[in-house]
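In my numbering, the protein residues as written are -13 to 78. First comes the structure, then the notes that go with it.
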Amino acid sequence: MGSLWQRITLAEFLAWEEQQTDRHEFYRGETFAMVGGTARHNRVILNLAGRIGDHLDGTPCQVFAENMKVQLAEGVLYPDVVVTCGKADAGD
-13 MGSLWQRITL AEFLAWEEQQ TDRHEFYRGE TFAMVGGTAR HNRVILNLAG
37 RIGDHLDGTP CQVFAENMKV QLAEGVLYPD VVVTCGKADA GD
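Structure, rendered in structure tokens:
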């Protein structure tokens, strides 16, 4: 695809990302390489996701940690923790 420094479209990013071994985020035409986390950071994420999940019991909402790709109007992100309550988000 060329340099990561050039602005690309969301469609170009999604096609390019499928061929990558490392994760990247995309925002407003720019691509950002994801760095690895620490053990402490991972413990915080898991503890937070667990506590949020406990509060979501009995609701249609779900909590996901780390590896869930979230597509926004202006980009694609991999947040540490994300909660979704939408029916459209219930599938794989």
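No residue lacks a Cβ here, since even glycine has one placed at the ideal position from N, Cα and C. Being a predicted model, the structure only gives us computed values, none of them experimental.
Can the beta-carbon of residue i be found closer than 8 angstroms to that of residue j?
{"i": "residue 58", "j": "residue 49", "result": "no"}
{"i": "residue 9", "j": "residue 60", "result": "no"}
Buried or exposed for residue i, going by 16 or more other Cβ atoms inside 10 Å?
{"i": "residue 18", "result": "exposed"}
{"i": "residue -1", "result": "buried"}
{"i": "residue 6", "result": "exposed"}
{"i": "residue 1", "result": "exposed"}
Can you give me the Cβ contacts of residue i inside the same chain, cut-off strictly under 6 angstroms, excluding the 5 residues immediately before and after it?
{"i": "residue 34", "result": "67"}
{"i": "residue 47", "result": "69 and 71"}
Near residue i, which residues of its chain fall below 8 angstroms by C-beta distance, leaving aside the five closest residues on each side in sequence?
{"i": "residue 64", "result": "9, 11, 20, 52, 53, 54, 55 and 56"}
{"i": "residue 45", "result": "71"}
Can you find the residues in the same chain that come closer than 7 angstroms, C-beta to C-beta, to residue i, ignoring five residues on each side of it along the sequence?
{"i": "residue 26", "result": "none"}
{"i": "residue 3", "result": "10"}
I believe residue i touches residue j by the beta-carbon criterion, under 8 angstroms. Please report the beta-carbon distance rounded to the nearest angstrom.
{"i": "residue 62", "j": "residue 38", "result": "Going by Cβ atoms, the distance from residue 62 to residue 38 rounds to 22 angstroms, so no, they are not a contact pair."}
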